[in-house]
Amino acid sequence: MSTYKFLTLLSVSLSCATLLNAQSINSRLIDAKTQKGIPYATVQYGENQGVVTNEEGRFSFVMEKDSLDLDSVYISSLGYKKTGFSLNQLKDSMVLLKPSNIELSGVYLFDKELEVDDIIRKVKERLPSNTNNQPVKQRYFLRQSVFGNIHKVDLGFEKSSIEELDKELIDSIAGIIPRNSYHYTEALGDFYKSKGEYKASVLRAAELYDKKDIGSFEELGKRMETLFKQNVKKDSYLKIKSGLFSQKVQVDSILTELEEEEARELERELGKDTVSGLVDGQKRIFKELLGEVYYAEDSKLNVINKSRKYRFTLEGYADIDDSGVYVIGFEPKGSGDFQGQLYVNIEDFAIMQVDFENLKNLRNFRLLGIFYRETLYKGTMRFAKLPNNKYELKFVDFSFGRWFRFDRPLDVIEKNKNVRGRRKQNELRLNIDFRMANTNKWELVVYDNTLIPQSQFEDLKEDKSTKATYMPAYNPEFWKSYTIMEPNQALREFTVSEE
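Position 412, counted from 1, in the sequence shown is what the working numbering calls 450; the numbers after and before it change by one each time, with no gaps.
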């Protein structure tokens, strides 16, 4: 038998063995009364193993051989009784869970029942002791969905002294800008955190978007660069005016930047640049999410650090991860921005979950034809207790939406003091009206929080050569042997048109 045939047979045999030693579970959690999916429920299939259902109640996970004799998989969600299911029951396309009312006072016994303001005060007092500051390794799955919607593109061509830079070209620029765009990134990996520093190791990742949109912009960029080099002198400078404001830009520096970019592009084509940007991109997203956690210094979610702006109500009691929690509703009092619920551990006063939604724009900016609004800030964050009795982020579903408008004149003038006669060489005048909205949605599941020594964090070397696999349509086979958070219907149906 040839070496090639032997290796092929060995590969097939190992694949079959892997399938025999593991079992994939794929189902959907349904409310037995309403027949609707139950979002963000916890599906626990081991002591420290579990997944979270997506917004439609769908979930999947892979059971290894040593876990196949597990008696029950436990499913829990707020408003539902924790229930055990056999693996055979979970093989059905739907799993029904019966709702149960949240029991009010009397279920939990206290030496002294606290008023809601006392509970919030204790949350603030215990926050330093409840927040983990030790180095930690987190096995995670992260999905980022970016939705862009351009409401209006009017570049308002008025005049140009460069023949090729005419109204037809300006209108074509407006025409190629996609009115609706979608970009999805999914990644499975390990995230390391210590003393405000981050490292990441990405095991597998995928990207879904329309390459035609990127190609159109690249083609236009090359065309504009050619026009620029042909018509603008190197020792010129550009005066860019927009209403009352103007700025000078030296043409030499622009051309140098273009030449440097060409060199970088050539280097990438020769294979010398192995940095894909994926690892740094993952760390950047984690930094953004950690910056929005309710106890972060600059978080917009100021329910705890500016509690005087909110009115709190003790709504009852519930269970999260087998811990009793106070269910506390909050709404604005005065200048507060959010409404929602806090789930506070009865024993240590740690916030185990927060649901929040803004009731008004978080930011309104308007100055001389520039408009900016932060329109959406909504989500759920859940926290898990570590062996050191501190808490770390366990689950996030967070959406942040913005709206932008630019309604101003724009005048680009080429001037050159080394040319005889008047300094002005060329001019392009536009009157731009551009409006767009975009929403970023992050879904994060941390499957395992492991405390690690500082030396392990320091010794970790990041592999930045890992790249995401591009997919023009969602392919469930890509994640077949991995435990992830199930995609929603929009992502499952995503496909690039063949126009």
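Built from N, CA and C at the ideal position, the CB exists for glycine as well. Quantities reported herein were computed from a predicted structural model and do not represent experimental measurements.
- Of the residues assessed, Pro525 falls on the buried side of the cut-off, its CB having 16 or more other CB atoms within 10 angstroms.
- Between the beta-carbon of Ser138 and that of Ile76 there is about 13 Å, and that puts the pair past the 8 Å contact cut.
- Secondary structure of Gly329 (DSSP, three-state): helix.
- The alpha-carbon of Lys321 is positioned some 54 Å away from that of Arg458.
- If you draw a straight line from the Cα of Ile470 to the Cα of Phe195, it is about 8 Å long.
- Thr264 sits in a helix when the DSSP states are folded into three classes.
- Pairwise C-beta distances place the region 59 to 70 out of contact with the region 476 to 495, as fewer than three of them are shorter than 8 Å.
- In the structure shown, Leu128 adopts helical secondary structure according to DSSP, grouped into three states.
- Sorting Gly186, Ile113, Asn454, Glu330 by C-alpha distance to the C-alpha of Asp393 places Glu330 at the top.
- Separation of Val161 and Pro514 (C-alpha to C-alpha, rounded to the nearest whole angstrom) is 42 Å.
- Taking 8 Å as the cut-off, the beta carbon of Lys502 is found closer than this to the beta carbon of Val317.
- Looking at the DSSP output, Met474 shares a beta bridge with Ile188, Phe442.
- Linking Ile522 to Glu201 through their CA atoms gives a straight-line distance of about 55 Å.
- When the Cα atoms are used, Ala506 and Ala244 turn out to be separated by approximately 5 Å.
- DSSP places Ile157 inside the alpha helix (DSSP H), whose first and last residues are 154 to 168.
- Less than 8 Å divides the Cβ of Phe97 from the Cβ of Thr91.
- Going by beta carbons, Tyr520 and Arg242 fall inside the 8 Å limit.
- Counting only the Cα atoms, Asn476 lies some 35 Å from Asn464.
- For Lys71, no beta strand (DSSP E) segment is defined, and its DSSP state is neither H nor E.
- In summary, Leu380 is buried, with 16 or more beta-carbon neighbours lying within 10 Å of its beta-carbon over all protein chains present.
- When the beta-carbon positions are compared, Lys260 and Val174 stay at least 8 Å from each other.
- For the pair Asn343 and Ile157, the Cα-to-Cα distance works out to about 14 Å.
- In the three-state DSSP reduction, Arg458 falls in the coil class, being neither helix nor strand.
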